[in-house]
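Asks: Residue numbers (the numbering used here): 15 to 226.
Don't be surprised by glycine CBs; every beta carbon is placed ideally from N, CA and C.
Provided herewith is a single structure, encoded as structure tokens, for subsequent inquiry.
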Amino acid sequence: MELTPTQYYERVLAHVGPDGRLGPQETAAWTTFPYEPENLRVRVFDPPVVPEPERRGVAAADCSTCSSWDRGIWRNERFRVSLMDPSGVPVEVLLTIREHVDFTELGDGDAAEQGQLLVHLARLVEHLPYVARAHVDRWGDGSYHSHVFVSGRPEGQLQLRGTLGVLWWDILPAVPAELAAGYARTLARGLCERFGGEVLIEDDGDPDGAHR
Ligand SMILES: [Zn+2]
């Protein structure tokens with residue numbers, strides 16, 4: 015069985031109410047949902063856009079990851095870790111590969127190395143003070159060049175658990191830049207001890223934050 019984009023859309027339309035909208039579902043009642051469910055209104059569901067618009071940086075010449083390879087907190091010959099601009103979570107870093115490829119185009123050797131890097135990064139994040147969990151996310155809908163986010167959830171903040179945690183990031187005030195930078199230095203040194211490569215963030219340096 016297959017479901018074409020139009021069939022998928024028409025199937026959704028068959029479930030909308032008199033106002034043309036789907037109703038809020040169980041997710042809105044989760045304690046991790048950042049908004050109170052009363053009076054919540056689901057957006058009108060858009061029809062499919064096919065073919066989809068091109069993602070940012072499909073051509074290497076237009077790719078911000080390729081053009082900023084010197085920026086980051088750690089790198090070796092094939093991979094780099096950079097620090098995202100401070101948000102509501104104590105630290106968020108981005109793992110990228112030097113080669114201009116999408117996540118699904120990584121060769122088996124690079125995929126294996128990336129897997130090891132991600133596990134060690136997550137472990138290092140979970141060893142940071144007052145960080146309860148490392149979250150690892152890959153969406154890939156914005157930029158073409160492979161990038162995986164690793165972030166740390168602040169200890170004790172149970173509303174930030176799970177998939178809805180990202181909705182809180184822009185609501186919460188950003189953590190101090192020096193906190194994220196200090197954590198980033200710990201991560202970079204930890205990666206250097208385990209995988210070699212070089213630490214790119216100075217002791218008192220202000221890292222170039224990566225932007226979404
Ligand atoms: Zn690139």
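#1: Figure out for me which residue from Asp-151, Asn-53 and Gln-171 has the closest Cα to the Cα of Ala-42.
#2: Given the structure, does Gly-86 come close to ligand 1, in the sense that its CB is under 8 Å from one of the ligand's heavy atoms?
#3: Taking the beta strand (DSSP E) that Gly-170 falls in, what are its first and last residues?
#4: Do the CB positions of Trp-83 and Ala-202 come within less than 9 Å of each other?
#5: How many Å lie between Glu-212 and Leu-135 at the Cα?
#6: Name the DSSP beta bridge partners of Arg-94, please?
#7: Ends of the alpha helix (DSSP H) at Val-133?
#8: Start and end of the beta strand (DSSP E) containing Ala-148?
#9: Tell me the rounded alpha-carbon separation between His-159 and Pro-32.
#10: Measure the CB-CB distance between Pro-195 and Arg-167 and report whether it falls below 9 Å.
#11: Would you check whether ligand 1 has a heavy atom nearer than 8 Å to the C-beta of Thr-79?
#12: Among the candidates Ala-75, Glu-127 and Ala-148, whose CA atom is the shortest distance from the CA of Arg-137?
Replies: In brief:
#1: Here residue 42 corresponds to residue number 28 of the sequence shown, with the count starting at 1. Nearest option by C-alpha distance: Asn-53.
#2: For this step, residue 86 is matched to residue 72 along the sequence shown. No, since every heavy atom of ligand 1 falls outside the 8 Å radius drawn around the Cβ of Gly-86.
#3: By 1-based counting over the sequence shown, the position of residue 170 is 156. No beta strand (DSSP E) holds Gly-170; DSSP gives it neither H nor E.
#4: Counting from 1 along the sequence shown, the entry for residue 83 is found at position 69. Counting from 1 along the sequence shown, the entry for residue 202 is found at position 188. Contact: no.
#5: Position 198 of the sequence shown, counted from the start, is the residue given in the question as residue 212. Position 121 of the sequence shown, counted from the start, is the residue given in the question as residue 135. Roughly 15 Å separates the two Cα atoms.
#6: What you label residue 94 is simply residue 80 of the sequence shown in a count that begins at 1. DSSP lists Arg-89 and Thr-110 as partners of Arg-94.
#7: By 1-based counting over the sequence shown, the position of residue 133 is 119. Element bounds for Val-133: 122-140.
#8: On the sequence shown, residue 148 is found 134 positions in, with the first residue counted as 1. 145-151 is the extent of the beta strand (DSSP E) around Ala-148.
#9: Within the sequence shown, residue 159 is the residue found at index 145, counting from 1. Within the sequence shown, residue 32 is the residue found at index 18, counting from 1. Roughly 42 Å between the two C-alpha positions.
#10: Stepping through the sequence shown from its first residue, residue 195 is reached at position 181. Stepping through the sequence shown from its first residue, residue 167 is reached at position 153. A small correction: the amino acid at residue 195 is Ala; Pro does not occupy that position in the sequence shown. Not a contact, by the Cβ cut-off of 9 Å.
#11: Position 65 of the sequence shown, counted from the start, is the residue given in the question as residue 79. Checking the Cβ of Thr-79 against ligand 1 gives yes.
#12: Reading the sequence shown from its first residue, position 123 is the one you call residue 137. Of Ala-75, Glu-127 and Ala-148, the residue nearest in Cα terms is Ala-148.
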